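Those protein sequence lines, which keep their order, are chains A and B.
If you count the first sequence from 1, you need to add 9 to reach the working numbering.
If you count the second sequence from 1, you need to add 32 to reach the working numbering.
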Amino acid sequence: MEQIAQQIINWLALSSIYALLAIGFSLLFGVINVIQFSHGDVALTAPFIAMAVFASLGALLPGADLVVALIVAIFVVGVLGIVLERFLIRRFRTAPPMMALVATVALGIVLRELIRILYPDGSNPHPFPQLVPGSALSFGDVSLSWLVVAMMAVTGLLVAVLTWFLYRTGLGLRIRAVSQDIEMARMLAINPNLVFRVTFFVASVTGAVAGLFYASYVGLMRFDLGIIAGLLGFSAAVIGGLGNMAGAIIGSVVLAALDTLVQAVFPDGAAYRLVVAFVLVVLVLVFRPAGLLGRTVVEKV
Amino acid sequence: MSVELCGVSTAYGGVPMLREIDLTVADGEIVCVLGPNGAGKSTLFKTVAGLITPVAGTVTIMDTDVATTGTERIARLGVGFVPEGRRLFPGLTVADNIRLGHEAVRPDGADLPARLTAIGQLFPRVIERLGQAAGTLSGGEQAMVALARALIGEPKFVVMDEPSLGLSPKLIREYFDILRAIHREGRTILLIEQNAEMALSVASRGYVLARGRIVAADHAEALRASSVVRSLYFS
Ligand SMILES: Nc1ncnc2c1ncn2[C@@H]1O[C@H](COP(=O)(O)OP(=O)(O)OP(=O)(O)O)[C@@H](O)[C@H]1O
Ligand SMILES: [Mg+2]
C-alpha cells in the first residue's frame, strides 16, 4: 500500500517534468517545423547556470537568495533559446529534416561539452538543492514533499498561462497562424522571425523550469542529464502527438506511468526507462502515427 | 501606380519561369491576368507578394520596392492578398482569420467591430460562421472568408489568384458583383483568373500569360475579341 502511494507520487513528479519538456518540443516543432533534439540539453543548462549565478551572487552580496539565481537562470536559458534559433536553427527550417536532425544533435553535444568544460569540475555530478524543503503530508513511510507539490502547481500554472497566451492573446494567435501557414501569415504582415524568437523563448523557459525541477528532484546535476531529459521529453511529445499541447501533456502522463511502473516492478528498472520509452514511441508510431491525440493536421499548436 | 513590374524574370531552381514581364496597374484600375494552366500565373502572384524574388527586374508596389521590403511589410502598406487555394488558417476560427486580415493593415486593431459590421453586409454568410474552424467550411464559404479577410482592413490594393475557382456559376456572379462593388469604392485590383469571360467583364485591361511570357496586353473588349484569347480558351 505504502509502496503504491510512493509510486503514485513519483509518477506525478515525473509527469510534470516530462510535460514541461514535451510542451517545448511540441511548440518548437509546431511552429518552426524542426525537431530540436538539443532541447533537453538547453533545459538542463538551467541548474548549472542557477548554481553558477548563486555562487557568484553569494560572493557579491552575502545572503542573496537562491530564488534570484533561479529566475536569472530561467531568463538566461530563454535568451539562449533565442540565440540558438537566430544563429543556427532558423537556417534549418527549410532544409531537409535529416540536416536539422544532425545539426540539433550536434548542438546538444556542444552544449553538454561546454557545461563540462566551463563549470568547475564539470565532469562530475554536483549536488543540487531541494528547491522547496520539507514534506506537505506524511503517513507512515510515505511522504509527499513540498517539492512535488510545488512542481505540480508550477506545471499547472505554466500550462494555464501558456494556454492563455496561445489562445487568448494577439501574439499567440500569430504564433498559431505561422505554425499553420507561414507564407499566408507573411501576406498578413506577420513577421515570422518575431514569432520564432518568441516561441524559442517560451519553449526554452519552460524547458529551464523542467531542468531545475529535474535536478532538484533527483538531487543532483550532471552535464549529460540533458540527453536523457531530451529523449524522455521528446518521446512524451511523440506519444501524445507532436505539435499539440494537450497531446504533450497526455503523452507525458502515460510515459511517466510506464516509467514508474517499470522502475517499481523490475529490480534494476531505471536502466530500462529509455528502452520502455522507445518501445512505446515505436508502438504509437506504428499504430497511431499522429500520436494519441492525432489532430496535427488541423491544429498544430 | 499601384503595382509596376519591369522586366521581371523568375526561375525555379535555375529553370526559367517568368520571362521579362512588364505589367502595370494604375490606382483605381481593375486589371486581369489570364493564362492557361502552368502559364505562370501563381508564380506572378507570389512574385508580386514578394514570396519569390525575381532573378531580374523589379517589382514596385505603391512606390515601394518589394524585394528589399519583404512580404510582411508590403501587406502593411495596405495590400490585401487572396492566394490560390484561399489559404485560410484551417485550425483558426473564421473570426480569427478575419481579425488577422484586419490587423495586417491596422496593427492597432482599431474599429474591428465597425468593420465586421460593414463586411457583414457584403458577406452575410461569413458573419454567421465566425466561431467555426475555417478548415471545416465549405469551398464556397472559404472563398468568401478569404475575400473578407483580404478586404476587412480596407486595403487600397487587392491581389487575387483564381479566387472564383470551384465556385458555382451563381456564386461566381455574386463574387464578381462584390469585386465591382469594392472597385466602385476606389480600390485597385489585380485579378489573376482562368475564367476569361468573367474576368474580362469586370476588368478594364488585361494581360495574357502563356509559358511565362506576356503574349497579349490590351483593353478588355479588345482581348475578348482577340484571337490569342480565343485560341487559349475557347478552341
Ligand atoms: N516551387 C516550384 N518549383 C518548381 N517548379 C515550379 C514551382 N512552382 C511552380 N512551378 C512550375 O512553374 C510553372 C508555372 O506554375 P504556376 O503555379 O505559376 O502556374 P499557374 O499559371 O498558376 O497554373 P494554374 O492555372 O494551374 O494554377 C509550372 O510548370 C509549375 O510546375
Ligand atoms: Mg495557379
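We treat Cβ as the ideally placed atom computed from N, Cα and C, and that holds for glycine.
Computed from a predicted structure; not experimentally measured.
Using a Cβ-Cβ distance cut-off of 8 Å, the region 255 to 266 of chain A and the region 26 to 36 of chain A are in contact, since at least three pairs of beta carbons, one from each stretch, lie closer than that value.
Below the 8 Å Cβ cutoff, chain A contributes no neighbours of B:A99, its closest Cβ being approximately 14 Å away.
Closest in alpha carbon position to A:Y226, among A:L197, A:A159, A:F209, A:I124, is A:A159.
Contact between the region 131 to 147 of chain B and the region 83 to 93 of chain B is not established, with fewer than three Cβ pairs separated by less than 8 Å. Residue B:M230 holds the alpha-carbon nearest to the alpha-carbon of B:R205 among B:M230, B:K188, B:G185, B:E225. At a beta-carbon threshold of 9 Å, the residues of chain A lying near B:T103 are E192, R195, M196, A198, ordered along the chain. Against chain B, the beta carbon of A:A104 has no neighbour under 9 Å; the closest one sits roughly 15 Å away. Cβ neighbours of B:I159 within its own chain (closer than 8 Å, five residues either side excluded): L148, I151, G152.
In the assembly as shown, B:M49 is a buried residue. Its beta-carbon has 16 or more other beta-carbons within 10 Å.
In this structure, A:R125 sits away from A:F46, with a CB-CB distance that is not shorter than 8 Å.
Straight across, the Cα-Cα distance linking B:M192 with B:I221 is about 8 Å. Taking a Cβ-Cβ cut-off of 8 Å, the neighbours of A:L182 in chain B comprise L124, D128, R131, L132, given in sequence order.
Using a Cβ-Cβ cut-off of 8 Å, B:P115 counts as an interface residue toward chain A, since at least one Cβ of chain A sits closer than that to its own. Contact annotation: B:E225 and B:L66 have beta-carbon atoms nearer than 8 Å.
Cα atoms of A:L240 and A:N202: separation of roughly 27 Å, rounded to the nearest angstrom.
At least one CB atom of chain B sits nearer than 8 Å to the CB of A:A186. The residue from B:L179, B:F121, B:A107, B:R256 with its alpha-carbon nearest to that of B:L154 is B:L179. Here the region 281 to 292 of chain A does not lie against the region 41 to 60 of chain A, with fewer than 3 beta-carbon pairs under 8 Å apart.
A:T208 has its alpha-carbon roughly 12 Å from the corresponding atom of A:R99. In this structure B:P68 is exposed. Its beta-carbon is surrounded by fewer than 16 other beta-carbon atoms within 10 angstroms. A:N133 is classed as exposed because its beta carbon has fewer than 16 other beta carbons within 10 Å across all chains shown. A distance of 8 Å or more separates the beta carbons of B:G185 and B:A127. The beta strand (DSSP E) runs of length 3 or more contained entirely in the region 187 to 214 of chain B are, from start to end of the chain, 189 to 193. A residue is called buried once 16 or more other Cβ atoms fall within 10 Å of its Cβ, and B:H215 is buried on that count.
Within chain B, the C-beta atoms nearer than 8 Å to that of A:Q189 come from F121, P122, G123, L124, in chain order.
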